[in-house]
Ligand SMILES: Cc1ncc(COP(=O)(O)O)c(C=O)c1O
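Residue numbers (the working numbering): 1 to 497.
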């Protein structure tokens with residue numbers, strides 16, 4: 001018999017007062033589990049010190065649990081709920097067939113330490129995904145160990161260091177553009193490099209003359225994303241790559257924006273030596289809330305010996321086995337990376353095929369350009385070149401004239417049924433709103449979102465307080481974000497009760 005539900009939550013289904021914690025919903029003796037009858041003699045465990053350390057878990061029924069988590073889920077906005085134009089994050093639809101593949105027991109029941117001989121299918125998955133990734137990036141070999149884009153960046157920086165050190169030429173400096181994502185300089189710094197910033201020119205691209213003036217024999221490499229964080233394709237990329245290579249540096253490609261170029265152009269052909277891909281962005285695997293992700297790193301033939309290992313290799317009979325590359329930087333993950341994410345990404349790649357992946361890039365650019373054209377009368381476009389898969393507008397003028405900031409616009413969108421875009425990034429644009437519609441949304445959705453953004457701007461001129469007071473329909477209105485970041489309080493304690 002199922003246990004009866006415990007204390008009912010008095011919280012409304014959405015909005016209103018906070019959802020009680022499971023401990024607050026707990027009723028002594030209530031259970032969400034049952035065990036079969038004992039078929040061996042019962043043996044009391046006499047461990048009084050263990051009894052003292054019991055964690056005091058909540059006692060709730062299965063139905064309590066389901067209701068609790070369903071209520072919480074109803075308070076959350078996700079890609080399966082509505083338009084989620086979070087620039088640089090590629091919040092596209094995650095096809096459910098990929099979850100089906102990743103949930104197959106042939107994969108889920110496989111222990112990561114299973115000897116390669118008994119895990120040939122799983123190794124084939126890695127080899128197949130690696131082959132497709134190398135084809136799309138123009139690289140030679142790849143590792144799936146890094147668990148996110150930032151982990152890929154750090155891996156790439158460690159490979160850069162190992163490469164220069166092996167040449168007897170350890171170098172000190174990594175150059176990043178002033179429009180770079182914060183993880184780029186952070187990863188270079190964590191790998192022990194001095195980070196120098198190259199400015200963007202008036203067109204929003206790397207200032208090639210400024211870059212040339214910074215290049216010397218201490219430059220280990222340049223980190224770049226292309227299209228850049230303004231959504232603009234770096235037109236001088238070949239000249240940039242040649243200049244960095246002339247001083248012996250390497251080029252690192254931050255693949256966060258690869259959605260725009262899939263099957264159209266390849267980082268390897270642009271001159272990059274190391275490329276990370278964000279499987280959780282470009283290849284449609286669910287992300288957000290800290291993971292799990294996958295940031296595989298692909299490299300040229302020259303750099304392959306430095307990759308983290310072990311890597312799958314094939315013997316003469318076609319059997320796959322694990323091998324550490326000759327000059328490997330070692331492991332960057334305890335196992336083989338987030339295998340479930342790789343499975344989802346491979347399913348997506350194979351379901352779409354070559355033509356389908358190219359279509360992803362074409363449609364993502366078309367959608368971004370169309371959306372930009374729909375709002376360009378209401379928001380400034382600071383770098384007005386044709387955008388790729390995303391674009392950045394500024395609410396600076398609106399702020400000057402009405403007091404309504406980018407943050408207020410973002411807060412007004414959930415009241416209108418949309419997730420906010422990325423804000424205040426890249427740092428070179430004041431009051432930035434970075435919008436990435438992705439290829440998966442319909443024309444009607446784009447038009448509805450543009451209408452909401454335009455209506456917010458018009459309301460701001462008429463009645464700025466109506467926007468500054470938003471949101472009014474969400475479970476949480478305006479938390480004090482500085483306090484929340486500085487005094488994070490996520491531990492339940494008695495005084496909350
Ligand atoms: C341009 C850019 N680079 C790097 C990253 C880091 O990727 P991850 O979040 O997978 O660590 C992001 C993340 O949003 C990004 O937008």
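Beta carbons are placed, not taken as given, at the ideal position from N, Cα and C, and that holds for glycine.
Assign residue i to buried or exposed, taking buried as 16 or more other Cβ atoms, counted over all protein chains shown, within 10 Å of its Cβ.
i: residue 226; result: buried
i: residue 497; result: For residue 497, the predicted structure reports a pLDDT of 44, less than 50, and the residue's modelled location is therefore unreliable. The matter cannot be settled from this model.
i: residue 10; result: Note that residue 10 scores a pLDDT of 49, beneath 50, so its modelled location is shaky and nothing firm can be said.
i: residue 378; result: buried
i: residue 216; result: exposed
i: residue 487; result: exposed
i: residue 13; result: Here the model assigns residue 13 a pLDDT of 45, short of 50, so the residue's position is not dependable and the matter cannot be decided.
i: residue 447; result: exposed
i: residue 96; result: exposed
i: residue 193; result: buried
i: residue 295; result: buried
i: residue 185; result: buried
i: residue 163; result: buried
Relative to the C-alpha of residue i, which residue among the options is closest?
i: residue 113; options: 381, 123 and 104; result: 123
i: residue 29; options: 440, 195, 407 and 59; result: 59
i: residue 34; options: 23, 61 and 49; result: 61
i: residue 454; options: 22, 376 and 214; result: 376
i: residue 325; options: 308, 316, 334 and 336; result: 308
i: residue 368; options: 117, 86 and 80; result: 86
i: residue 131; options: 349, 493 and 469; result: 349
i: residue 222; options: 209, 235, 274 and 201; result: 274
i: residue 420; options: 410, 393 and 74; result: 410
i: residue 404; options: 371, 73, 456 and 147; result: 456
i: residue 431; options: 107, 444, 442 and 408; result: 408
i: residue 312; options: 336, 330, 332 and 329; result: 336
i: residue 395; options: 332, 461, 385 and 347; result: 461
i: residue 269; options: 212, 443 and 139; result: 139
i: residue 580; options: 341, 388, 346 and 381; result: Within the shown structure, residues of the chain are numbered from 1 to 497, placing residue 580 beyond reach of any answer.
i: residue 248; options: 316, 254 and 170; result: 170
i: residue 298; options: 159, 118 and 168; result: 159
i: residue 105; options: 340, 210 and 304; result: 340
i: residue 172; options: 203, 188, 370 and 205; result: 188
i: residue 334; options: 351, 444 and 310; result: 310
i: residue 137; options: 276, 360 and 240; result: 276
Measure how close the beta-carbons of residue i and residue j come, nearest whole angstrom, since I'm counting them as under 8 Å.
i: residue 258; j: residue 282; result: 5 Å
i: residue 197; j: residue 176; result: 6 Å
i: residue 416; j: residue 452; result: 4 Å
i: residue 503; j: residue 272; result: What the structure shows of the chain is the stretch from 1 to 497, and residue 503 is not part of that stretch, so it cannot be assessed.
At a threshold of 7 Å, does residue i count as lining ligand 2 (C-beta to nearest heavy atom)?
i: residue 218; result: Of the ligands one can find in the structure shown, namely ligand 1, none is ligand 2.
Below 6 Å from a heavy atom of ligand 1 - residues by beta-carbon: Counting every residue whose Cβ lies closer than 6 Å to a heavy atom of ligand 1, we get 88, 89, 148, 149, 150, 181, 183, 225, 229, 254, 256, 278, 293 and 295.
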